[in-house]
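Following: one structure in structure tokens, then a few remarks.
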Amino acid sequence: MNNNPEQLFKLFYQSINEKMNPYFIGGHNSEGVYRFWHERFMKAFYGIRESRDLESWAEAPQMWLAGYKQGLKENNQE
119 MNNNPEQLFK LFYQSINEKM NPYFIGGHNS EGVYRFWHER FMKAFYGIRE SRDLESWAEA
179 PQMWLAGYKQ GLKENNQE
């Protein structure tokens, strides 16, 4: 797995669309949205549990990372 979490975050962030963003942060391309997803992704990457009120928002980066790892595993088996 690519061990550079910042590079992985950039790949992850490209897959985020406007419908996935929290309603409480305005503007799809805002700095606030970027920082929100960056924090969620880094916690998922390092295995840090989210607070109870943000648990559901942690699912997207967790699933993305799981899919990324699975893709790497499958590519290495070929």
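Mapped onto this note's numbering, the consecutive letters of the sequence shown carry residue numbers 119 to 196.
Even for Gly, the Cβ is constructed at its ideal location relative to N, Cα and C.
- Element boundaries [alpha helix (DSSP H), containing P123]: For the purposes of this step, residue 123 is taken as residue 5 along the sequence shown, with counting starting at 1. Its alpha helix (DSSP H) spans residues P123 to Q132.
- Query: Helix, strand or coil: how does DSSP classify G144 here?
  - Reply: The residue given as residue 144 occupies position 26 in the sequence shown. When DSSP states are grouped into helix, strand and coil, G144 belongs to the coil group.
- Q180 and A162: beta carbons closer than 8 Å? Residue numbering aside, residue 180 sits at position 62 when the sequence shown is read from its first letter. Residue numbering aside, residue 162 sits at position 44 when the sequence shown is read from its first letter. Yes, the pair counts as a contact, with Cβ atoms nearer than the cut-off.
- Item | Endpoints, the alpha helix (DSSP H) within which E173 is located | Counting from one through the sequence shown, the residue named residue 173 turns up at place 55. In the DSSP assignment, E173 falls outside any alpha helix (DSSP H), carrying neither H nor E.
- Query: So what does DSSP say about N139, is it helix, strand or coil?
  - Reply: Residue mapping note: residue 139 aligns to position 21 of the sequence shown, counting from 1. The answer is coil: DSSP assigns N139 none of H, G, I, E or B.
- Under the three-state DSSP convention, the category R153 falls into: Start at 1 with the first residue of the sequence shown, and residue 153 comes out as number 35. Of the three classes helix, strand and coil, the one that applies to R153 here is helix, per DSSP.
- Message: So, at 8 Å on beta carbons, what are the nonlocal neighbours of E168 in its own chain, with the 5 sequence-adjacent residues on each side left out?
- Response: As a position in the sequence shown, residue 168 is number 50, starting the count at 1. Contacts found: R158, K161, W175 and A176.
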